[in-house]
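Notes follow once the structure below has been shown.
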Amino acid sequence: DAGVTQSPTHLIKTRGQQVTLRCSPKSGHDTVSWYQQALGQGPQFIFQYYEEEERQRGNFPDRFSGHQFPNYSSELNVNALLLGDSALYLCASSPETGGLEQYFGPGTRLTVT
Amino acid sequence: QKEVEQDPGPLSVPEGAIVSLNCTYSNSAFQYFMWYRQYSRKGPELLMYTYSSGNKEDGRFTAQVDKSSKYISLFIRDSQPSDSATYLCATNAGGTSYGKLTFGQGTILTVHP
């Protein structure tokens, strides 16, 4: 049973560029959440998707947007990258009936130069 | 003030020791409490979650919640070098915030042989 998968593993972007990160949830899960984890910090909630809609959003600017597809996979898009966007981006999936149990993927390490 | 405070450590203990990891939180709306373990360059792994005040045990791990003092703890018995990781506490308010986990900063634990 494959767990949560994310791609790419890491990437380097230049300030001002745009980036798209991808996530496939654990089998049987239909809810996807995204988190940003800066070095030495705990993850910070960006938003959650369920039934292809953003259900909840954290304190992140509109530069951060997402999408969920009918197969429950999800994308995180970040526009106009800033140096401060450098972080580990984590995707977590959960079954709708057990939303508290969020299972995380390995993350995508984004470096903005 | 952060909603969830966690001493970042680092904490270093000898193999076999009992480890105590702690968090405090300020938002009385938090109802659900989780502990995650994160190895270097990996995503967080859910260890335990609990709802009510009191203790919950799973093998060598015991989670303790005291809602009256807004204090949560994780105890690790007979610690092993493989327990060396960053431990993150997380909380959730339920209701309309059901999907959002609020994390502490994480405590870095090293168990040396």
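So the sequence lines, in the order shown, correspond to chains A and B.
Using the working numbering, the letters of the first sequence map in sequence onto residues -9 to 103.
Using the working numbering, the letters of the second sequence map in sequence onto residues 2 to 114.
We put the CB at the ideal spot given by N, CA and C, even for glycine.
Limits of the beta strand (DSSP E) - the one that Gln34 (chain A) falls within: 34 to 40
Test item: CB-CB of Leu181 (chain A) and Leu1 (chain A) under 8 Å: The requested residue 181 (chain A) does not occur in the structure, where chain A is confined to residues -9 to 103.
Members of the segment 48 to 70 of chain A near chain B, C-beta cut-off 9 Å: So the close ones are Gly48.
Among B:Gly96, B:Ser53, B:Leu110, the one whose alpha carbon lies nearest that of Tyr72 (chain B): B:Ser53
Which of helix, strand or coil DSSP assigns to Gly97 (chain A): coil
Any C-beta of chain A under 8 Å from that of Pro11 (chain B): no
Chain B contact residues for Arg45 (chain A), given Cβ-Cβ distances below 7 Å: Those within 7 Å of Arg45 (chain A) in chain B are Gly100.
Short-range partners of chain B found in the segment 1 to 24 of chain A, where Cβ spacing is below 9 Å: Thr21, Ser23
is_contact[Tyr50 (chain B), chain A] using C-beta, thresh 8 Å: Any Cβ of chain A closer than 8 Å to the Cβ of Tyr50 (chain B) would place that residue at the interface, and such an atom is present.
Neighbour-count burial assignment, Asp67 (chain B), 16 or more Cβ in a 10 Å radius: Residue environment analysis places Asp67 (chain B) among the exposed positions, since fewer than 16 neighbouring C-beta atoms fall within 10 angstroms of its C-beta.
According to DSSP, residues forming a beta bridge with Arg145 (chain A): Beyond the ends of chain A as shown, which are -9 and 103, falls residue 145 (chain A); an answer cannot be given.
C-alpha gap between Ser27 (chain B) and Leu12 (chain B), whole angstroms: 24 Å
Which listed residue (B:Ser83, B:Ala64, B:Ala94) has its alpha carbon closest to that of Asn56 (chain B): It is B:Ala64 whose Cα lies nearest to the Cα of Asn56 (chain B).
Strand pairing of Asn93 (chain B), partner residues [DSSP]: B:Tyr33
Three-state secondary structure assigned by DSSP to Leu71 (chain A): coil
Bridge partner(s) assigned by DSSP for Gly55 (chain B): B:Val66
Rounded Cβ spacing between Thr87 (chain B) and Thr108 (chain B) (contact assumed at less than 8 Å): Under the criterion of beta carbons closer than 8 Å, Thr87 (chain B) and Thr108 (chain B) qualify as touching, at roughly 7 Å.
Cutoff 8 Å: Gly74 (chain A) Cβ touching any chain B Cβ: no
Exposure of Arg38 (chain B), with buried meaning 16 or more beta-carbon neighbours within 10 Å: buried
Cβ of Leu100 (chain A) within 8 Å of any chain B Cβ: For Leu100 (chain A), the nearest beta carbon of chain B is not closer than 8 Å to its own beta carbon.
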